[in-house]
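Protein chains in written order, with the numbering used here: chain X, 58 to 347; chain Y, 630 to 1020.
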Amino acid sequence: MSILVNKDTKVIVQGFTGKEGTFHSQQCIDYGTKIVGGVTPGKGGQTHLDRPVFNTVKEAVDATGATVSLIFVPPAFTADAVMEAAEAGIDLAVIITEGAPVKDMMYAKMYATKNGMKTIGPNCPGIITAEECKIGIMPGFIFKKGPVGLISKSGTLTYEASNQVVKEGLGITTAVGIGGDPIIGLSYKQLLPMFEADPETEAIVMIGEIGGTLEIEAAEYIKENITKPVVAFIAGQTAPKGKRMGHAGAIISGGQGTAQEKMEALRAAGVHVVESPADIGKTVAKVLGK
Amino acid sequence: MNIHEYQAKEIFRQYGVPVPRGEVAFSGPEAKEIARKLGGNLWVVKAQIHAGGRGKAGGVKLARSPEEVEKIAEEMLGMTLVTHQTGPEGKKVEKVYVEEGADIQKEYYLGMVLDRSSEMPVMMASTEGGMEIEEVAAKNPEKIIKVAIDPTIGFQGFHGRKLAFGLGLAKEEIRPFIQFAEALYKVYMDKDANLIEINPLIKTGDGKFLALDAKMGFDDNAIFRHPDIHEMRDLSEEDPVEHEAEKYGLSYVNLDGNVGCMVNGAGLAMATMDIIKYEGGEPANFLDVGGGASAETVAKGFELILQDENVKSIFVNIFGGIVRCDRIANGILQATKEVEVNVPVIVRLDGTNAEEAAEILKNANIPNIIPATDLADGAKKAVAAAKGELR
């Protein structure tokens, strides 16, 4: 078991024939993901990576039965691509693109929600169910199968955390990179209950960072609803106020969104909060008694 | 991206958000000329820097004659203003804004930001105008009235009424206030702003609302479709090293410590700063070299870090995913040939082909390149090296 995606999930790629789309689609195919086709407007009818190319998402869905779309479309056109996927009946859009305007994503997410489509990202590494299905840009080999669910705002920190978990002789059910932009799709609060319900997931790792209040909302949710052990790390304990730290959303504004307040809220909710990012794996092993 | 008050007020004018008349000046005589042109008998001279708290620091002064405007402008231009938002080094004043004096009857606060919980823009108003809004939020949160505005319906009368009644405005004041707020909403949405603050918003003796101050910030991701805003960027307001980094697609923020760090990915870069502190050191910077981490970006990274004379050691922390560690190791070796690196460099490479990478670094046998086995080991060594305790 896993959450959201597995070895049978049929995936199309929007921005399939571009440089990024081509490279990462091939990597996903090599991992075993069922990439069943792609969309590049104007290239419909062609074949790319031995898969059919369609002009529209609707055509791709009708022909392939895909339920997930992986989006590599450039920032200025990302919202359009997301809304097209929602309109075409896609269940989950995984948005890799970095640099999409916040206003565009605000409208795109509203439209997606209205059409019942979930989104992950933008500006994220994607989602991977270990040894089954990789829908994103993460290096697949780091994610060995095991009992730990992973939710993270940061890409490389996701790899770091998974690597530590694997080094402890454990592994990952599903890892979701939710992204660090001001507007993102699925967040801790939506993903936590999925891991809680997944029989194979025994513990959850949550990686957050400064800015916004998602981690605080997650803490409140965990306190009431999550029975599985949760290990958390919040990046940016040493970040100065008012400075954007790489991610558009990673900024402490007006004294809000500090790592300290998030760590306290999580601790109060019974979460195992680690201060050093090197202690994630060890702590997971400890809470699982392994 | 942020802009100056005079630029924000120019945008306000285009959208019909009422502001006092005024113009920007770069010299004393120019300021005097502007005061003459504006007429009247009271003017305000305001230092133009990207930071709040100017009034308390002596960056906002009243003048009662064009000659006094000139004198004040000359004193202000070239001075370094230190406010609670500039940091101790302060900011040099290179232009002043000369504005007609206003008849202030009451001061309010009006602002807009993106509310990340409701995922909508939110407009905030308070009767505590002129105060630090963060302070009001901490001490008297009930004095801030907020309305989230669903952008699919836009600004409606009820949004405005909620704010107006919340502020306790008189009946005849409600209409002009709502018009003001609606125009402000349009500015925020049209220009892809991520912050607007008017502090204070004033009510004049004749019942008008005017933006006495104006602060605007924009979504960097949307600047591509606003060439007019892009042109307003003032590089003298930005850290030159941060700007240099940006040109190479790197993200750099200078800090006070002495352990330099170079990392791929923003989250891991922050985590690296955290672990340096956790191990008893102080990070000198945030630096995200991006996913690629090529020889070129690593060389540029070394250059940026070494511009800071406080740096006593450098921690290179790269998690190689799609890009293999052996290639990154070669990149680091090549970079050290291009840039003279005279402090210990602790290198932690993990991920794809990490063992080959360790071998490459070992065989290169460069005395100040010290390999680390994992995140904690790297941080410990980097901190020890900065203290001169690493043998």
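Backbone N, C-alpha and C define an ideal beta-carbon position, used for all residues, glycine too.
{"Check": "Any idea which residues DSSP pairs Asp979/Y with across the strands?", "Outcome": "Phe948/Y"}
{"Check": "Report the option in Ala254/X, Phe134/X and Ser211/X whose CA atom is closest to the CA atom of Pro204/X.", "Outcome": "Ala254/X"}
{"Check": "Under the assumption that Ala660/Y contacts Val674/Y (Cβ atoms under 8 Å), give the Cβ distance between them as a whole number of angstroms.", "Outcome": "7 Å"}
{"Check": "Using the beta-carbon of each residue, which ones in chain X are nearer than 8 Å to Pro1040/Y?", "Outcome": "This structure gives no information on residue 1040/Y, because the portion of chain Y shown stretches from 630 to 1020."}
{"Check": "Distance, Cα to Cα, Glu761/Y vs Met167/X?", "Outcome": "33 Å"}
{"Check": "Following the continuous alpha helix (DSSP H) through Asp1003/Y, name the residue where it begins and the one where it ends.", "Outcome": "Looking at the DSSP string, Asp1003/Y is not in any alpha helix (DSSP H), and its letter there is neither H nor E."}
{"Check": "List, in order along the chain, the chain Y residues whose C-beta lies closer than 7 Å to that of Glu266/X?", "Outcome": "Gly896 and Met899"}
{"Check": "Give a yes or no on whether the C-beta atoms belonging to Ala810/Y and Leu792/Y are separated by under 8 Å.", "Outcome": "yes"}
{"Check": "Return helix, strand or coil for Asn997/Y, following the three-state DSSP convention.", "Outcome": "coil"}
{"Check": "Are the C-beta atoms of Glu332/X and some chain Y residue less than 8 Å apart?", "Outcome": "yes"}
{"Check": "Count the other C-beta atoms from every protein chain shown that fall within 10 angstroms of the C-beta of Gln636/Y, then say buried if there are 16 or more, exposed otherwise.", "Outcome": "buried"}
{"Check": "Quick one: which residues of the segment 878-890 of chain Y get their C-beta closer than 7 Å to a C-beta of chain X? List them in chain order.", "Outcome": "Ser880, Val882 and Leu884"}
{"Check": "Tell me which residue opens and which closes the beta strand (DSSP E) that Ile773/Y is part of.", "Outcome": "Ile773 to Ala777"}
{"Check": "Could you check the C-alpha separation between Pro647/Y and Gly910/Y for me, to the nearest Å?", "Outcome": "51 Å"}
{"Check": "Do Leu897/Y and Ser211/X have their C-beta atoms closer together than 8 Å?", "Outcome": "yes"}
{"Check": "Which chain X residues are close to Phe847/Y, counting only those with a beta carbon under 9 Å from its beta carbon?", "Outcome": "Under the 9 Å cutoff, chain X gives no residues; its nearest Cβ is about 10 Å from Phe847/Y."}
{"Check": "Quick one: list the residues of chain Y neighbouring Met302/X, beta-carbon separation under 7 Å, in chain order.", "Outcome": "Val882, Ala895, Met899 and Phe915"}
{"Check": "Would Ala142/X pass as a contact of Gln221/X if the rule is Cβ separation under 8 Å?", "Outcome": "no"}
{"Check": "Kindly list, in the order they appear in chain Y, the residues whose Cβ is closer than 8 Å to that of Lys160/X.", "Outcome": "Pro780, Met818, Asp821, Asp848 and Ala851"}
{"Check": "Starting from Asn282/X, trace the alpha helix (DSSP H) both ways and give me its first and last residue.", "Outcome": "Leu271 to Asn282"}
{"Check": "Thinking Gly651/Y and Glu728/Y are a contact (beta carbons under 8 Å), I'd like their distance in whole angstroms, please.", "Outcome": "3 Å"}
{"Check": "Would you list the residues sitting across from Cys890/Y in a DSSP beta bridge?", "Outcome": "Phe944/Y"}
{"Check": "Sort Gln936/Y, Ser942/Y, Leu990/Y and Asn971/Y by Cα distance to Arg956/Y and report the nearest one.", "Outcome": "Leu990/Y"}
{"Check": "Exposed or buried, which one is Glu748/Y when buried takes at least 16 other CB atoms within 10 Å?", "Outcome": "buried"}
{"Check": "Of the residues that make up the segment 744-772 of chain Y, which ones have a beta carbon closer than 9 Å to any beta carbon in chain X?", "Outcome": "Arg745, Ser746, Glu748, Met749, Pro750, Ile762, Glu763, Ala766 and Ala767"}
{"Check": "If contact means a Cβ-Cβ distance below 9 Å, which residues of the segment 984-1005 of chain Y contact chain X?", "Outcome": "Asp1003, Leu1004 and Ala1005"}
{"Check": "Could you check the C-alpha separation between Lys720/Y and Gln677/Y for me, to the nearest Å?", "Outcome": "10 Å"}
{"Check": "Tell me the residue span of the alpha helix (DSSP H) that contains Met818/Y.", "Outcome": "Lys800 to Asp819"}
{"Check": "Can you list, in chain order, the residues of its chain whose CB lies under 6 Å from that of Ala895/Y, leaving out five sequence neighbours each side?", "Outcome": "Asp917"}
{"Check": "Taking Cβ-Cβ distances shorter than 8 Å, what residues in chain X pair up with Tyr644/Y?", "Outcome": "In chain order: nothing, as chain X lies at least about 16 Å away."}
{"Check": "What residues in the segment 204-231 of chain X have a beta carbon less than 9 Å from any beta carbon of chain Y?", "Outcome": "Ser209, Lys210, Ser211, Gly212, Thr213, Leu214, Thr215, Tyr216, Glu217, Asn220, Gln221 and Lys224"}
{"Check": "On a Cα-Cα basis, can you pick out the residue from Val816/Y, Ile934/Y and Pro717/Y that is closest to Glu871/Y?", "Outcome": "Ile934/Y"}
{"Check": "Can you tell me whether DSSP reads Lys300/X as helix, strand or coil?", "Outcome": "coil"}
{"Check": "Assuming Gly102/X and Lys175/X form a contact by the criterion Cβ under 8 Å, report the distance between their Cβ atoms to the nearest whole angstrom.", "Outcome": "At roughly 30 Å, the Cβ-Cβ gap does not stay under 8 Å, so Gly102/X and Lys175/X are not in contact."}
{"Check": "In this structure, how does DSSP classify Ser656/Y when only helix, strand and coil are distinguished?", "Outcome": "coil"}
{"Check": "Can you pull out the residues from the segment 959-983 of chain Y whose beta carbon lies closer than 8 Å to at least one beta carbon of chain X?", "Outcome": "Asp979, Gly980 and Thr981"}
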